[in-house]
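Just below is one structure, and these are the notes that go with it.
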Amino acid sequence: MANTYTQCYFHLVFAVTNRDALIQKKWKGQLEKYITGIIQDEGHKLLAINAMPDHIHIFIGYNLNQLIPNLVEQIKTSSNKWIKDSRLSKFQFSWQKVYGCFTHSNSQIDSVVKYILSQEQHHKKNTFKEEYLKILNQNDIKYDEKYLFDFWEDVFCD
Numbered sequence: 001m002a003n004t005y006t007q008c009y010f011h012l013v014f015a016v017t018n019r020d021a022l023i024q025k026k027w028k029g030q031l032e033k034y035i036t037g038i039i040q041d042e043g044h045k046l047l048a049i050n051a052m053p054d055h056i057h058i059f060i061g062y063n064l065n066q067l068i069p070n071l072v073e074q075i076k077t078s079s080n081k082w083i084k085d086s087r088l089s090k091f092q093f094s095w096q097k098v099y100g101c102f103t104h105s106n107s108q109i110d111s112v113v114k115y116i117l118s119q120e121q122h123h124k125k126n127t128f129k130e131e132y133l134k135i136l137n138q139n140d141i142k143y144d145e146k147y148l149f150d151f152w153e154d155v156f157c158d
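Just so you know, full-length UniProt numbering puts 24 at position 24 of the sequence shown, and the rest follows in order with no gaps.
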């Protein structure tokens, strides 16, 4: 539509099933490039992406022509298949069904990009669960713990 302008920024977070540390450093860059291609093919602008061994952060300038759940499903389904077809993981790879999606303003772009790109340093101090709960609380999101990611560091074996 003529004279219609939008500006939306979304921070997506999702985790590997069982929070298994299956994303290896030797192919994480390839995974990030593959997901970048999906995002760009759908008309979104990738601002930052960083895969950790057990989860991923993606920050995009959002194209309103696609629903976020559809984009996340497309990223997860396509990347699962690509990882399997490329035989990158010795173990069965899949993403958890749940995900987080958080909005940011234009003035927050630099800080969110820096945050995502510094994940390795960040996780030397904080667990993924601590990080995710902090994001939920900072955004004043009410949540039920039973619907969050499977945080396996809470499980103790005898």
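Where a beta carbon is used, it is the ideal one built from N, C-alpha and C, also for glycine.
Can you round the beta-carbon distance between residue i and residue j to whole angstroms, since I take them to be within the 8 Å contact cut?
i	j	result
residue 44	residue 104	Wrong, their Cβ atoms sit about 14 Å apart, outside the cutoff.
residue 75	residue 49	Between residue 49 and residue 75 the Cβ distance is about 10 Å, and since that is not below 8 Å, they are no contact.
residue 100	residue 135	7 Å
residue 47	residue 113	6 Å
Could you pull the start and end residues of the alpha helix (DSSP H) that residue i belongs to?
i	result
residue 75	68-85
residue 104	That residue, residue 104, is in no alpha helix (DSSP H); its beta strand (DSSP E) goes 100-104.
residue 58	Premise fails: residue 58 lies in the beta strand (DSSP E), 55-61, not in any alpha helix (DSSP H).
residue 95	Counting along the chain, residue 95 falls outside any alpha helix (DSSP H), and DSSP gives it neither H nor E.
residue 130	128-138
residue 144	Neither: residue 144 is in no alpha helix (DSSP H) and is coded neither H nor E.
residue 117	109-117
Which word fits residue i, buried or exposed, when buried means at least 16 other C-beta atoms lie within 10 angstroms of its C-beta?
i	result
residue 14	buried
residue 137	exposed
residue 67	exposed
residue 120	exposed
residue 51	buried
residue 29	exposed
residue 79	buried
residue 91	exposed
residue 154	Reliability of the predicted coordinates at residue 154 is poor, the pLDDT of 43 falling under 50, and the value obtained from them is presented with this limitation in mind. Exposed is the call here.
residue 54	buried
residue 31	buried
residue 156	Reliability fails at residue 156, whose pLDDT of 34 lies under 50, so the model's placement of it is uncertain and the value that follows must be treated cautiously. Classification of residue 156: exposed, given that the 10 Å Cβ count is below 16.
residue 87	exposed
Over what stretch of residues does the beta strand (DSSP E) that includes residue i continue unbroken?
i	result
residue 47	45-51
With DSSP collapsed to three states, give me the class of residue i.
i	result
residue 13	strand
residue 156	At residue 156 the pLDDT is 34, less than 50, meaning the model places this residue with poor confidence; the figure from the coordinates comes in the next sentence. Reduced to three states, the DSSP call for residue 156 is coil.
residue 23	coil
residue 36	helix
residue 7	coil
residue 122	helix
residue 65	coil
residue 88	coil
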